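Working notes, structure below.
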Amino acid sequence: MLSLALSACSSVSLRGSGNQYWLKASAPAIVTAADSLFAYHAYVRGLSAAEWSKENEQVRETANRENSEFQRMRQAIAAAAPAAGAREHVRALQQFEQLERESAKQNSSLRGLIAALRSELAERRRLEDALREESRRAEDLEQKLDALKAIERNLQDRSPSAVPAVKKSR
4 MLSLALSACS SVSLRGSGNQ YWLKASAPAI VTAADSLFAY HAYVRGLSAA
54 EWSKENEQVR ETANRENSEF QRMRQAIAAA APAAGAREHV RALQQFEQLE
104 RESAKQNSSL RGLIAALRSE LAERRRLEDA LREESRRAED LEQKLDALKA
154 IERNLQDRSP SAVPAVKKSR
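First residue of the sequence shown: 4, per our numbering; consecutive thereafter.
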């Protein structure tokens with residue numbers, strides 16, 4: 004689905020402006036907006052928390068200056084980065100949903116990419132929630148196991164005279 008979205012996009016010159024710093028030097032001089040956004044997605048996924056914070060601020064400023072679909076996509080992609088917090092991920096999902104609605108109305112060539120990125124983020128959040136729940140369950144089970152071990156130790160520590168002897172019948 005993602006490859007269809009990428010191939011459906013028209014070519015635009017993005018490298019000439021110099022503000023596509025996330026594109027690798029080996030990238031072609033003419034790429035589609037989807038290619039550039041896909042490269043941006045890969046770029047922000049590798050940022051540390053401090054780098055992401057700076058990047059997110061820069062993207063917000065740019066999106067406020069240039070209210071284009073491309074800049075709003077960059078803003079949503081940055082908010083969906085792994086280094087972003089849960090609050091940013093919620094905001095990213097809302098932005099992707101809004102972009103999806105707008106792209107359907109405008110028949111945007113980025114529709115497929117928007118849907119794929121929204122789905123990826125929703126699935127990642129679902130898996131993170133499941134991991135948190137499983138971790139909580141594992142901690143609960145560990146506490147129960149520790150309690151059972153303590154009971155077992157207490158029973159073993161009792162003297163043999165405290166436990167009534169059972170007579171064996173022949």
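Ideal Cβ positions, reconstructed from N, Cα and C, are used throughout, including at glycine.
Because the structure is a prediction, the values reported are computed rather than measured.
Judged by their CB atoms, L120 and A86 are not nearer to each other than the 9 Å cut-off. Pairing L158 with D132, the inter-Cα distance amounts to about 39 Å. With a contact defined as Cβ atoms closer than 8 Å, L130 and L96 miss out at about 14 Å. The Cβ-Cβ distance between A37 and L116 falls below 9 Å. Each residue's CA atom was taken as its position, placing E103 and R135 some 29 Å apart. Rounded to whole angstroms, M76 and F99 show a C-alpha spacing of 8 Å. Nearest C-alpha to S51 among V93, Q109, E126 and A81: A81.
Secondary structure note for A87: it is in no alpha helix (DSSP H), with a DSSP letter that is neither H nor E. As the crow flies, the alpha-carbon of A66 is around 10 Å from that of N59. The alpha carbon of R127 has as its nearest neighbour, out of N70, S39, G49 and A84, the alpha carbon of A84. The C-beta of L151 has fewer than 16 other C-beta atoms within 10 Å across all chains shown, which makes the residue exposed. Rounded to whole angstroms, the separation of the alpha carbons of W25 and Q74 is 14 Å. Separation of the CB atoms of S111 and E72 is rounded to 6 Å, and the pair is thereby assigned contact status at 8 Å.
Annotation: the continuous alpha helix (DSSP H) that includes Y43 extends over A36 to R48. S29 has its alpha-carbon roughly 27 Å from the corresponding atom of S56. In the displayed model, W25 falls within coil according to three-state DSSP, outside both helix and strand.
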